[in-house]
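Only one structure is covered here, and it is reproduced in the block below.
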Amino acid sequence: MISLRDHELEEVPTWQRKTHNPEHQRKRQEKVENVKAKNQAKQIQIDGKYQDIQDERVQCEHEFAEAKTVHGMDRARSRGLDCMQEQALCTAIVQNLKKLSRFTGKRPRTGISACAETKKRDERNHDNHFISLIFKGFPEKLSSLFASLIVKKYSFSPDF
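Pasting the structure below:
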């Protein structure tokens, strides 16, 4: 583990005497490589270029964890690539719907932000009503879609 609290780079070690012992030479080379790796990690920390990627990585990891713990992606429900892709697709649909539903019922603002708001309450409710109309009856539509997919996938009708 590399401590990233102090941002001072270490100097690469040098020795005054040359060694002819291969074991000593190997240990010296290992020390030099360790210091270079530590310095590279500290330089990345100092630059801060990784922060955007790190935030996205954390969000992505949370989504995978939610899929495994809440939506049953820790185990395959059936065998085969098609069944696994269908399970992953259903899980992704559910997660996306959950994200979309978070936008519908926002609490009204208070304080300065409420005073600066230009929209009227009726217009705000109309926007939320429009979003709720999109998803009205969605579970029935989704179940009928899956039923039609299963019928198309497993039904046999010869073409004459």
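Sequential numbering from 1 applies to the sequence shown in full-length UniProt numbering.
Think of the CB as a built atom: it goes at the ideal place given N, C-alpha and C, for glycine as much as any other residue.
Run through DSSP, which three-state label would residue i get?
i: Arg28; result: helix
i: Lys49; result: coil
i: Gln16; result: coil
i: Ala76; result: coil
i: His71; result: coil
i: Glu56; result: helix
i: Ser144; result: helix
i: His62; result: helix
i: Asn39; result: helix
i: Glu11; result: coil
Under 8 Å, do residue i and residue j count as touching if we go by C-beta distance?
i: Glu8; j: Val35; result: no
i: Arg79; j: Gln87; result: no
i: Thr91; j: Ala67; result: yes
On the DSSP letters alone, give me the boundaries of the alpha helix (DSSP H) that residue i sits inside.
i: Glu86; result: Leu81 to Ser101
Let me confirm a value: residue i is counted as buried when at least 16 other C-beta atoms fall within 10 Å, else exposed. Which label applies?
i: Lys31; result: exposed
i: Lys42; result: buried
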